[in-house]
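*Asks:* Would you mind keeping the following structure in view while I ask a few things?
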């Protein structure tokens with residue numbers, strides 16, 4: 001059965017299942033969400049109004065047994081950045097949605113009343129039902145109650161109170177195989193889902209399966225692909241220490257943004273490092289290794305227990321730990337885990353929200369290092385939607401505005417993540433130019449600047465950074481279309497067998513004969529589609545800039561500043 | 001003695017008095033502030049950082065005895081809109097600054113410590129002194145204490161607590177001849193002054209005088225000019241009822257934005273009208289007629305007393321009364337006057353702040369119509385800088401963001417004032433295209449759409465509106481450069497003797513021979529200078545749009561919407 005487009009209109013509460021337009025057929029994941037948003041959303045619309053659309057799309061390989069292919073893309077006009085937005089997450093939804101034959105789910109319109117709704121998808125149906133029980137509840141409660149209630153293995157996509165309150169740091173959560181949470185984290189798409197009054201979406205594939213055009217070729221390609229992933233050194237480090245292996249690495253590089261981006265090293269880095277966390281997890285009977293979706297061979301996720309050996313949080317990422325840790329100077333992993341759990345439950349992007357708290361600390365709302373205070377702020381202010389909570393829940397830019405702080409680390413109003421662009425200059429280009437607002441995943445120059453993957457480029461020099469970021473952003477846009485986790489990129493950059501195997505997988509799945517050039521062209525075309533949307537929304541070169549303090553304030557210990565000229569930054573788009 | 005440029009550097013606390021660069025010589029008021037900001041401020045800088053500059057300039061005719069020539073322009077990059085900003089006010093400062101031989105005062109940099117400062121200007125000196133006594137005090141206290149302390153007739157320019165807290169609705173206040181307050185209201189320039197840690201500026205002209213090149217011609221021209229103003233019917237209505245004469249007029253036209261821009265008429269319009277206010281002022285021993293600066297022959301200001309016949313507020317304008325009245329559905333003039341006094345004392349733009357409260361009422365923060373609640377909100381939240389107060393004090397856009405409200409009447413993040421663009425379509429073009437963010441003064445199409453001044457154009461039709469707004473915006477930019485109050489425009493549009501007399505005044509003052517075409521070209525060139533700044537700051541056609549609800553929601557009673565196409569709006573700039 002050919003894949004279909006599932007469509008939900010929240011204005012008149014109607015749904016439809018339609019054939020895939022020919023122009024969308026070659027797309028999946030980010031390529032598809034960005035194509036649909038570009039074609040169907042007025043770039044100047046209010047992101048929380050009825051003219052915006054929220055689009056979910058599994059990747060081109062999602063629903064197959066291909067290793068690491070379970071990422072779900074979500075796209076819309078972002079209420080945080082006002083740009084186009086794609087954000088992807090693990091969990092089970094991408095695989096199960098693909099098994100429903102769903103190429104994309106498009107949610108449009110907005111109810112005229114105050115009711116809340118839930119959406120259910122099966123291979124043959126897409127329905128809207130009023131929802132009352134779970135409204136106002138945290139994500140953990142939603143997935144727990146739905147897990148008990150729903151028959152068989154269904155996927156759950158949900159928003160927490162932050163999304164209901166339309167906070168622009170609100171994320172969308174996706175249930176993982178153990179009933180824990182993964183997040184379409186960045187850009188406030190949880191607020192878009194909230195603006196459409198949808199509390200959750202369930203996906204029941206029943207006995208739906210994804211068809212493979214050439215099963216034998218597919219199996220062979222998957223074997224080669226999986227081997228490349230497993231053999232990779234960085235994959236192995238991720239499996240042992242999680243992404244948090246980076247705390248010590250980035251601190252050593254002097255690029256760990258500390259105390260609201262005033263320092264490049266955190267004195268207490270050892271206390272929050274991946275190595276420390278690994279030991280603590282083992283001591284407390286957690287799981288240092290865990291997959292966020294079926295078929296993942298890297299397993300960078302983990303289950304982190306509290307002192308009493310009870311579950312505290314899962315998928316405890318470097319960026320989350322950095323943001324509440326070094327950036328807010330919080331030294332206790334337990335405080336950071338507590339904050340992480342609260343943010344997951346409320347449905348908040350941990351990067352945006354924690355960087356916002358760092359700015360609030362600079363404003364004197366609370367002291368740097370006050371982990372319990374940060375947790376209280378999250379629980380009692382953000383969670384209850386008080387005015388202070390709304391200021392924080394609308395992200396770092398909102399806090400800067402509210403309190404008149406000028407050291408606000410954002411690009412296009414999205415918080416800059418865990419790599420200071422003064423000491424990893426490739427990231428300066430990525431943050432400035434990506435169509436998404438400051439986003440490390442969209443062109444992870446850290447790989448080549450710091451980790452020695454895909455060659456070496458001096459992190460403190462401008463040389464080679466523009467070309468590096470450009471190549472990475474193009475490749476990432478293509479990878480984000482496959483449903484693959486971005487962590488395949490380490491193997492793809494260094495193992496000559498990896499990328500051909502990935503292309504073979506796509507060809508075998510659809511009976512195509514794509515080449516490496518086709519994949520590069522796909523990446524370029526996605527970036528240009530996204531940029532055209534942003535330009536029509538009012539964005540231009542002046543928006544592709546970092547805040548002025550990155551140019552004016554040298555970052556210890558290297559005491560370097562961002563020194564790209566406007567012309568150099570703009571040359572990124574020469575392709 | 002030739003005019004000079006007075007300069008203050010707040011980073012190193014130095015000052016200078018320099019010759020006027022040749023390129024600035026023909027400029028005054030808005031033309032000069034916009035020229036200086038364009039030449040000296042990086043358009044992408046943070047408006048509250050050290051790279052922004054705050055520029056004050058008297059008009060070309062300020063300091064002379066020319067009628068109505070006492071407006072002081074203030075310019076900077078706006079922290080509210082992020083565009084260039086010029087805002088002008090009455091009071092005594094423009095005249096006295098001109099008499100100091102000050103062509104412009106440029107304040108740059110930012111102190112690195114937390115101290116506050118005051119600036120004093122005389123014809124020979126410009127000095128910086130640390131200030132402690134008046135920091136944290138309201139504007140009324142500042143002018144009262146300075147009036148007692150300062151020798152002779154000095155001008156005072158001050159910010160209130162809102163400016164100190166860098167709220168983006170903060171204004172700059174200028175003392176009037178009676179020690180009351182006038183405001184450089186819009187665009188948050190009070191926050192820029194606060195960011196430079198300047199609490200107040202005093203101006204002591206001693207025996208300084210403005211030189212007139214041709215005194216006899218000047219006297220003759222001034223006689224003709226004054227007569228044109230005094231003879232004008234609208235001037236006379238303004239003298240009798242103040243600008244608040246407009247409540248009934250605009251209500252009758254169905255263009256009085258009511259209940260956060262959901263209706264075009266306010267049931268209780270009679271209770272807040274200029275006619276009602278006039279009677280009340282007389283009953284209570286106030287002054288229905290009062291000038292905001294020496295030499296004004298229109299006298300649209302007034303002194304409004306409370307029930308006990310004590311002073312409550314002065315310069316009680318239509319836009320302020322509309323915003324807290326109809327837009328927030330507050331029916332009591334006394335509540336509105338109380339709110340006006342609090343906002344003046346805190347140093348807040350009454351339009352921005354009251355529209356922000358209207359959005360907060362839509363969000364459910366308080367009830368529509370709750371005047372005492374609005375006063376409490378202003379006093380206890382905004383005045384004390386609580387989180388809710390900061391949300392409100394940062395304007396309508398900030399409130400919309402905080403509470404997820406989508407009906408937010410702003411253009412370029414500045415609140416739309418007292419004329420609904422669905423029922424006065426000329427204002428749709430002005431709001432959308434002006435370089436200032438939504439601003440009625442920059443192209444007052446109400447004159448021709450509603451008041452029958454300068455011809456007639458149907459307010460409900462698109463026809464002729466673009467040309468009308470263009471002509472008005474060009475003329476206004478020129479008038480704003482002269483130091484003239486914009487209310488001379490009514491006479492200028494309808495009395496053939498008025499504009500030639502104004503040009504004669506400028507020629508006699510400087511010994512020039514400008515023509516009407518020169519004035520038009522000046523206006524065009526100012527608009528283009530301002531637009532170029534905005535473009536370099538990242539603004540483009542997509543920013544020249546009204547919020548989508550003006551297109552989607554018909555406004556009773558005419559049930560019309562804004563129906564200009566993007567191409568029509570953009571054609572405004574074809575000159």
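Chains as they are written, first to last, in my numbering: chain A, 1 to 575; chain B, 1 to 575.
Yeah, the Cβ is synthetic: ideal placement off N, Cα and C, and Gly gets one too.
Within the 8 Å Cβ cut-off, does residue 496 of chain A reach chain B?
*Replies:* No - not a single Cβ of chain B is within 8 Å of the one on residue 496 of chain A.
*Asks:* Can you give me the C-alpha to C-alpha distance between residue 453 of chain B and residue 438 of chain B, rounded to a whole angstrom?
*Replies:* Looking at the two C-alpha atoms, the distance is approximately 22 Å.
*Asks:* Using a C-beta cutoff of 8 Å, does residue 543 of chain A count as contacting chain B?
*Replies:* With 8 Å as the cut-off, residue 543 of chain A counts as an interface residue toward chain B.
*Asks:* Does chain A have any CB closer than 8 Å to the CB of residue 9 of chain B?
*Replies:* No, residue 9 of chain B lies away from the interface with chain A (no Cβ there is under 8 Å from its Cβ).
*Asks:* Grouping DSSP H, G and I as helix and E and B as strand, with all else coil, what is residue 328 of chain A?
*Replies:* Here residue 328 of chain A sits in coil by DSSP.
*Asks:* Looking only at C-alpha atoms, which of A:226, A:299, A:159 and A:334 sits nearest to residue 586 of chain A?
*Replies:* Given that chain A is displayed from residue 1 to residue 575, the structure contains no residue 586 of chain A and the question cannot be resolved.
*Asks:* Is residue 63 of chain A near residue 30 of chain A, with beta carbons less than 8 Å apart?
*Replies:* The answer is no: Cβ separation not under 8 Å.
*Asks:* Looking at chain A, is there any beta carbon in it that lies within less than 8 Å of the beta carbon of residue 409 of chain B?
*Replies:* It does not; no Cβ of chain A falls within 8 Å.
*Asks:* Listed in chain order, which residues of the region 546-564 of chain A have Cβ atoms closer than 9 Å to some Cβ of chain B?
*Replies:* Of all residues in the region 546-564 of chain A, 547, 548, 549 and 552 have a Cβ within less than 9 Å of some Cβ in chain B.
*Asks:* Give a yes or no on whether the C-beta atoms belonging to residue 413 of chain A and residue 81 of chain A are separated by under 8 Å.
*Replies:* Yes. Within cutoff.
*Asks:* What does a CB cutoff of less than 8 Å around residue 324 of chain A pick up in its chain, not counting 5 residues either side in sequence?
*Replies:* Taken in chain order, the residues that qualify are 330, 335, 336, 339, 340, 350, 354, 357, 371 and 374.
*Asks:* Under the three-state reduction of DSSP, which class applies to residue 125 of chain B: helix, strand or coil?
*Replies:* It is coil, neither helix nor strand.
*Asks:* In this structure, what does DSSP give as the bridge partners for residue 58 of chain A?
*Replies:* A:72.
*Asks:* Considering just the uninterrupted stretch of the beta strand (DSSP E) at residue 6 of chain A, what are its terminal residues?
*Replies:* Start and end: 4-9.
*Asks:* Can you tell me where the alpha helix (DSSP H) holding residue 531 of chain A begins and where it ends?
*Replies:* Segment 516-536, the alpha helix (DSSP H) holding residue 531 of chain A.
*Asks:* Mapping the DSSP letters down to three states, classify residue 505 of chain A as helix, strand or coil.
*Replies:* Residue 505 of chain A falls in the helix class under three-state DSSP.
*Asks:* On the CB-based measure, 16 or more other CB atoms within 10 Å of its CB, does residue 557 of chain B come out buried or exposed?
*Replies:* With fewer than 16 other Cβ atoms within 10 Å, it is exposed.
*Asks:* What's the call for residue 387 of chain A, buried or exposed, on a 16-neighbour Cβ count within 10 Å?
*Replies:* With 16 or more other Cβ atoms within 10 Å, it is buried.
*Asks:* Indicate the three-state DSSP secondary structure (helix, strand or coil) for residue 159 of chain A in the structure shown.
*Replies:* Coil.
*Asks:* I need the straight-line Cα distance from residue 172 of chain B to residue 130 of chain A, nearest angstrom please.
*Replies:* Going from the Cα of residue 172 of chain B to the Cα of residue 130 of chain A covers about 51 Å.
*Asks:* Under three-state DSSP, which class holds residue 227 of chain A?
*Replies:* Correct three-state label for residue 227 of chain A: helix.
*Asks:* Three or more C-beta pairs under 8 Å: does that hold for the region 377-391 of chain A against the region 395-405 of chain B?
*Replies:* Yes, the region 377-391 of chain A touches the region 395-405 of chain B.
*Asks:* Since residue 406 of chain A meets chain B, which of its residues come closer than 7 Å, beta carbon to beta carbon?
*Replies:* Result: 46, 48 and 49.
*Asks:* Our contact map puts residue 28 of chain B next to residue 482 of chain B with C-beta atoms below 8 Å; I'd like the distance itself, whole angstroms only.
*Replies:* Going by Cβ atoms, the distance from residue 28 of chain B to residue 482 of chain B rounds to 7 Å, so yes, they are a contact pair.
*Asks:* Between the Cα of residue 242 of chain B and those of B:276, B:530, B:302 and B:257, spot the shortest distance and give me the residue it belongs to.
*Replies:* Ranking the options by Cα distance to residue 242 of chain B, first place goes to B:302.
*Asks:* According to the Cβ coordinates, are residue 249 of chain A and residue 450 of chain A closer than 8 Å?
*Replies:* Yes. Within cutoff.
*Asks:* So, is the C-beta of residue 415 of chain B closer than 8 Å to a C-beta in chain A?
*Replies:* No, residue 415 of chain B does not count as interfacial toward chain A.
*Asks:* Which residues in the same chain as residue 220 of chain B place their Cβ atom closer than 7 Å to its Cβ, once the five residues preceding and following it in sequence are excluded?
*Replies:* So no residue of the chain qualifies.
*Asks:* For residue 14 of chain B, list the residues DSSP reports as bridge partners.
*Replies:* According to DSSP, residue 14 of chain B bridges with B:9.
*Asks:* May I have the straight-line CA-CA distance separating residue 159 of chain A from residue 522 of chain A, to the nearest angstrom?
*Replies:* Their Cα atoms are separated by approximately 31 Å.
*Asks:* Going by C-alpha to C-alpha distance, which of B:38, B:72 and B:57 sits closest to residue 84 of chain B?
*Replies:* Of the listed residues, the one whose Cα sits closest to residue 84 of chain B is B:38.
*Asks:* Is it true that the CB of residue 209 of chain A sits closer than 8 Å to the CB of residue 102 of chain A?
*Replies:* Against a cut-off of 8 Å, the Cβ pair of residue 209 of chain A and residue 102 of chain A comes out as no contact.
*Asks:* List the residues of chain A that residue 402 of chain B touches, going by C-beta distances under 8 Å, in chain order.
*Replies:* The contacting residues are 387, 390, 391, 394 and 398.
*Asks:* So, residue 321 of chain A versus residue 424 of chain A, is the Cβ gap smaller than 8 Å?
*Replies:* No, the Cβ-Cβ distance between residue 321 of chain A and residue 424 of chain A is not below 8 Å.
*Asks:* What is the residue span of the beta strand (DSSP E) that residue 182 of chain A lies within?
*Replies:* Here the beta strand (DSSP E) through residue 182 of chain A covers 181-184.
*Asks:* Can you tell me which of A:74, A:228 and A:200 puts its alpha carbon nearest to the alpha carbon of residue 135 of chain A?
*Replies:* Taking only the C-alpha atoms, the option nearest residue 135 of chain A is A:200.
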